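Quick mapping for you: the protein sequence lines, in order, are chains A and B. Add 3 to the 1-based position in the first sequence for our numbering, that's all there is to it. Add 111 to the 1-based position in the second sequence for our numbering, that's all there is to it. Scroll down for the structure; my scribbles are underneath it.
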Amino acid sequence: MSQVLHTPPPTQAPAEDDLAALAARHGLSVSGARPSLPEYVRQLWDRRHFITAFATAKLTAQYSQAKLGQVWQVMTPLLNAAVYYFIFGVLIGTKHNVPDYVPFLVTGVFIWTFTQSSIMAGTRAISGHLGLVRALHFPRAALPISFALQQLQQLLFSMAALVVILLCFGVPVAASWLLAIPALVLQFTFNAGVSMIVARMGAKTPDLAQLMPFLLRTWMYASGVMFSISRTLEGRPEWIARLLQVNPAAVYIDLMRFALIDSFRAGSLPPHVWAAATGWAVAAGVGGFIYFWKAEETYGRG
Amino acid sequence: MAEHTEARIPTVVADRVDIVYRVNGTGAGRGTATAALNRILRRKQAEKAAGVRRVHAVKNVSFVAYKGEAIGLIGTNGSGKSTLLKAVAGLLPVESGHIHTGGQPSLLGVNAALMSDLTGERNVYLGGLAMGMSREQVKERYQDIVDFSGINEKGDFITLPMRTYSSGMAARLRFSIAAAKDHDVLLIDEALATGDRSFQKRSEQRIRELREQAGTVFLVSHNNKSIRDTCERVLWLERGELRMDGPTEEVMKEYEAFTGDKKPAAKKPAAKKAAAGKPAAKKPAPQADAAKPGAPLPQADAPEPDAPLPQAPQPEAPKAPLPS
Chain A
4 MSQVLHTPPP TQAPAEDDLA ALAARHGLSV SGARPSLPEY VRQLWDRRHF ITAFATAKLT
64 AQYSQAKLGQ VWQVMTPLLN AAVYYFIFGV LIGTKHNVPD YVPFLVTGVF IWTFTQSSIM
124 AGTRAISGHL GLVRALHFPR AALPISFALQ QLQQLLFSMA ALVVILLCFG VPVAASWLLA
184 IPALVLQFTF NAGVSMIVAR MGAKTPDLAQ LMPFLLRTWM YASGVMFSIS RTLEGRPEWI
244 ARLLQVNPAA VYIDLMRFAL IDSFRAGSLP PHVWAAATGW AVAAGVGGFI YFWKAEETYG
304 RG
Chain B
112 MAEHTEARIP TVVADRVDIV YRVNGTGAGR GTATAALNRI LRRKQAEKAA GVRRVHAVKN
172 VSFVAYKGEA IGLIGTNGSG KSTLLKAVAG LLPVESGHIH TGGQPSLLGV NAALMSDLTG
232 ERNVYLGGLA MGMSREQVKE RYQDIVDFSG INEKGDFITL PMRTYSSGMA ARLRFSIAAA
292 KDHDVLLIDE ALATGDRSFQ KRSEQRIREL REQAGTVFLV SHNNKSIRDT CERVLWLERG
352 ELRMDGPTEE VMKEYEAFTG DKKPAAKKPA AKKAAAGKPA AKKPAPQADA AKPGAPLPQA
412 DAPEPDAPLP QAPQPEAPKA PLPS
């Protein structure tokens, strides 16, 4: 009459693989097991609409309580650039070294902010959204990718403001502006990859979120966001400048400056810059994805 | 029961499942820098010494759920019901043992994916996509979801941000979004108590439909009535251990006696008093009538050979003395 456990003699423990055998006989799969890599990619592709919708929703929700609303999408990066201009341009006087200093600075700040916010959001992508991870089923890589996408959308707002600034400061419209598109694609891939790496690390060690701002600030000062690396390091051994220039943040910043600002010529770029940009993007993108996938089944453990 | 005669297809097999939570920064080494350093440097070996608390939330639970069953999960607060449900859904890793499932079990709940700053309309889309529906599917069901929630009965509320909703309205919308998808194995965590009476009726109806499509439904609830209305089988968890597994009435009777909720079996007033008298006892407190051979047995008695309703094997059942 009663449905006890449906294992033969009820008073003794079921044989070691009794339940497992029952499950196997009916073709049940182990719950919460990590899918194979191709399967994982397929699942992620199935959720592409969720990824974009989640990114857009986050972006919209961000300023929905503010009176000025979405105007802050453009205001925030502009105010940031203004602060850096005041400190580095006016007080420290970096601007005398650099032609078209304002476009140079603003491009640097916007492009750097894209990488910086993607990585910061990535650090908390899993650890800050445990509720979501524990409630719903989806490939977890959707979260860091979605946050990187949110930052990309944010950057596109900033780029609109940037175009206005460029025109105001007399930078001519040029065909080279189209180079911004491949540069952004590469940078996005790089950011998403790094986001996934730090997302896995942050899921295991949430303390990383406390440490990250310091690492990022160091990285920012090493990447020539508000000064020209080659001019500032003139007189020092050349390899130092080269080293700073091939770091991914500097590569993407310089590429964007090269694309947008006419006075920033190819001579200011390190050699093989496109190869470096692609290399960083592929290495971080593929490596980060595999690294993240390797721990897929552990995300959500409290 | 009816299911015995049909070909019974298992949909969820839990095979001696243990679930352990680890909590940082509590216990012995709390807050001290050396303890924290210790924790980082010697992650595995020194877990305990460094103040990582292990919470053994589910202990050695085994059961098999079949197609067409609606199974209630009951137990006092903190007994591991929701944890077990999440593990069945594959959202929490198990410490040892295995959970095998046919199809993808889904938790009925999208709360975490919704954003209170967005309008109800956008949340319907977001929630639907988060559950794995395609854009077209959400579009197709959008009107049904809104109608079912009854959000628009009192005006055009669906285009307002969700933070402006009353808690009842928000809960109704969440349930409506979550229930819009068909599931293989459906896991429901206390969702039926939301909304007014007419909405509760609609949700119960929807649960029945989902169950017909889904095959298996698990329901966690503290509302004994909704368990009785919806489920024909009940698992009773207490302190992470499976204490009873059987037809709803039998288990509920014991459970109510244990919690001192209603009068138990009318002829056992003593049992009620005994159980109600020490709800906060530190040791596992088997209810007084457990000693009676006729009663379904709680875990402590599992080894008794003539037990009519023996439990899943409980090798580490605490040797609690039975109240005499």
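For every residue, glycine included, the Cβ atom is placed at its ideal position computed from N, Cα and C. All figures in this text were calculated on a predicted structure; none of them were measured in a lab.
Rank the options by C-alpha distance to the C-alpha of residue i and give the top, closest one.
{"i": "Asp258 of chain B", "options": "B:Ala368, B:Pro216 and B:Ile288", "result": "B:Ile288"}
{"i": "Lys292 of chain B", "options": "B:Met273, B:Asn335, B:Ser260 and B:Met244", "result": "B:Met244"}
{"i": "Met204 of chain A", "options": "A:Gln73, A:Val109, A:Ala24 and A:Arg127", "result": "A:Arg127"}
{"i": "Thr116 of chain A", "options": "A:Ile129, A:Leu47, A:Met223 and A:Pro274", "result": "A:Met223"}
{"i": "Phe329 of chain B", "options": "B:Leu219, B:Tyr236 and B:Asn263", "result": "B:Leu219"}
{"i": "Ile264 of chain A", "options": "A:Ser34, A:Ala212, A:Thr110 and A:Arg51", "result": "A:Thr110"}
{"i": "Gly58 of chain A", "options": "B:Glu360, B:Leu225 and B:Met273", "result": "Checking the displayed sequence, the identity of residue 58 of chain A turns out to be Ala instead of Gly. It is B:Leu225 whose Cα lies nearest to the Cα of Ala58 of chain A."}
{"i": "Pro204 of chain B", "options": "B:Lys312, B:Gly231 and B:Val169", "result": "B:Val169"}
{"i": "Ala125 of chain B", "options": "B:Met363, B:Leu353 and B:Ile256", "result": "B:Leu353"}
{"i": "Val167 of chain A", "options": "A:Val105, A:Leu189, A:Leu146 and A:Ser120", "result": "A:Val105"}
{"i": "Ile148 of chain A", "options": "A:Ala202, A:Phe89 and A:Ser39", "result": "A:Ala202"}
{"i": "Arg246 of chain B", "options": "A:Thr208, A:Met162, A:Leu135 and A:His52", "result": "A:His52"}
{"i": "Met273 of chain B", "options": "B:Arg285, B:Lys265 and B:Glu264", "result": "B:Arg285"}
{"i": "Arg344 of chain B", "options": "B:Thr230, B:Arg252, B:Val163 and B:Ala181", "result": "B:Ala181"}
{"i": "Ala282 of chain B", "options": "B:Asn222, B:Lys312 and B:Gly266", "result": "B:Asn222"}
{"i": "Leu240 of chain B", "options": "A:Lys297, A:Thr281 and A:Trp48", "result": "A:Trp48"}
{"i": "Thr118 of chain A", "options": "A:Val289, A:Lys297, A:Val188 and A:Ala69", "result": "A:Val188"}
{"i": "Ser314 of chain B", "options": "B:Asp340, B:Met363 and B:Asn335", "result": "B:Asp340"}
{"i": "Thr281 of chain A", "options": "A:Thr301, A:Ile243 and A:Val249", "result": "A:Val249"}
{"i": "Arg268 of chain A", "options": "A:Pro102, A:Gly303 and A:Ala36", "result": "A:Pro102"}
{"i": "Gln65 of chain A", "options": "B:Thr370, B:Thr327, B:Ser227 and B:Glu232", "result": "B:Ser227"}
{"i": "Ala290 of chain B", "options": "B:Tyr276, B:Glu365, B:Ser190 and B:Asp255", "result": "B:Asp255"}
{"i": "Val33 of chain A", "options": "B:Ser309, B:Thr194, B:Val199 and B:Arg319", "result": "B:Val199"}
Strictly below 8 Å CB to CB, what residues from chain B border residue i?
{"i": "Ser67 of chain A", "result": "Asp228, Leu229 and Pro272"}
{"i": "Ala60 of chain A", "result": "Met226, Leu229, Arg233 and Leu237"}
{"i": "Phe57 of chain A", "result": "Ala224, Leu237, Leu240 and Ala241"}
{"i": "Gly134 of chain A", "result": "Asn222 and Ala223"}
{"i": "Lys196 of chain A", "result": "Here the sequence assigns Gly to residue 196 of chain A, which means Lys is not the residue at that position. Ordered by position in chain B, no residue passes the 8 Å Cβ test against Gly196 of chain A, which lies about 24 Å from the chain."}
I'd like the list of long-range same chain contacts for residue i, defined as Cβ closer than 7 Å, with 5 residues on each side in sequence excluded.
{"i": "Gly186 of chain B", "result": "Lys192, Trp347, Leu348 and Glu349"}
{"i": "Ile120 of chain B", "result": "Tyr177 and Lys178"}
{"i": "Val228 of chain A", "result": "Gly111, Val112, Trp115 and Ile256"}
{"i": "Phe217 of chain A", "result": "none"}
{"i": "Ala262 of chain A", "result": "Ser179, Trp180, Leu182, Ala183 and Ala186"}
{"i": "Phe191 of chain A", "result": "Ala151 and Leu155"}
{"i": "Tyr87 of chain A", "result": "Leu108, Val112 and Met229"}
Cutting at 8 Å between CB atoms, please list the residues of its own chain near residue i, excluding the five before and the five after it.
{"i": "Gly291 of chain A", "result": "Ala195, Gly196, Val197, Ser198, Met199 and Ile200"}
{"i": "Val166 of chain B", "result": "Val131, Tyr132, Arg133 and Val134"}
{"i": "Leu247 of chain A", "result": "Ala225, Ser226, Gly227, Ile232, Leu236 and Ala253"}
{"i": "Ala163 of chain A", "result": "Val77"}
{"i": "Arg245 of chain A", "result": "Pro273"}
{"i": "Leu71 of chain A", "result": "Met78"}
{"i": "Leu196 of chain B", "result": "Leu184, Leu218, Leu298, Asp300, Phe329 and Val331"}
{"i": "Gln46 of chain A", "result": "Pro38, Phe141 and Pro142"}
{"i": "Leu40 of chain A", "result": "Ile293 and Trp296"}
{"i": "Pro175 of chain A", "result": "Asp265"}
In chain order, what residues of the same chain have a beta carbon less than 6 Å from the beta carbon of residue i, not counting five sequence neighbours either side?
{"i": "Ile338 of chain B", "result": "Gly183 and Ser332"}
{"i": "Ala23 of chain A", "result": "none"}
{"i": "Arg127 of chain B", "result": "Asn171, Ser173 and Gly208"}
{"i": "Lys98 of chain A", "result": "Gly92 and Tyr104"}
{"i": "Gln215 of chain B", "result": "Asp295"}
Check the Cβ of residue i against every Cβ in chain B and list those closer than 7 Å, keeping chain order.
{"i": "Glu300 of chain A", "result": "Pro204"}
{"i": "Arg37 of chain A", "result": "Within 7 Å Cβ-Cβ: nothing; Arg37 of chain A doesn't reach chain B, min ~10 Å."}
{"i": "Ala64 of chain A", "result": "Met226, Asp228 and Leu229"}
{"i": "Gly72 of chain A", "result": "Simply none; closest approach about 11 Å."}
At a CB-CB cut-off below 7 Å, which residues of chain A make contact with residue i?
{"i": "Thr212 of chain B", "result": "Leu31, Ser32 and Ser34"}
{"i": "Gly351 of chain B", "result": "Ordered by position in chain A, no residue passes the 7 Å Cβ test against Gly351 of chain B, which lies about 14 Å from the chain."}
{"i": "His209 of chain B", "result": "Ala23 and Val33"}
Using the beta-carbon of each residue, which ones in chain A are nearer than 9 Å to residue i?
{"i": "Ser217 of chain B", "result": "Leu139 and His140"}
{"i": "Val124 of chain B", "result": "Leu22, Ala23, Leu25, Ala26, His29 and Leu31"}
{"i": "Ser245 of chain B", "result": "Asp49 and His52"}
So which residues of chain A does residue i contact, with C-beta pairs closer than 8 Å?
{"i": "Asn188 of chain B", "result": "None at all; the shortest Cβ gap to chain A is about 17 Å."}
Quick one: complete alpha helix (DSSP H) runs, 4+ long, within the stretch 240-271 of chain B?
246-260
Unbroken beta strand (DSSP E) runs of length 3 or more, entirely within the stretch 332-374 of chain B: which are they?
344-349 and 352-358
Flag this pair as touching only if the stretch 24-41 of chain A and the stretch 198-212 of chain B have three or more C-beta atom pairs under 8 Å; answer yes or no.
In this structure the stretch 24-41 of chain A touches the stretch 198-212 of chain B; the number of beta carbon pairs closer than 8 Å is three or more.
Whole alpha helix (DSSP H) runs in the stretch 118-161 of chain A with 4 or more residues, listed along the chain?
133-138
Three-pair Cβ contact test at 8 Å for the stretch 150-163 of chain A versus the stretch 46-62 of chain A
yes
At which residue ranges does the stretch 272-316 of chain B contain complete beta strand (DSSP E) runs of 3 or more residues, listed in the order of the chain?
Runs of the beta strand (DSSP E) inside the stretch 272-316 of chain B: 296-300.
Does the stretch 248-267 of chain B come within contact of the stretch 227-240 of chain B, defined as at least 3 CB pairs closer than 8 Å?
yes
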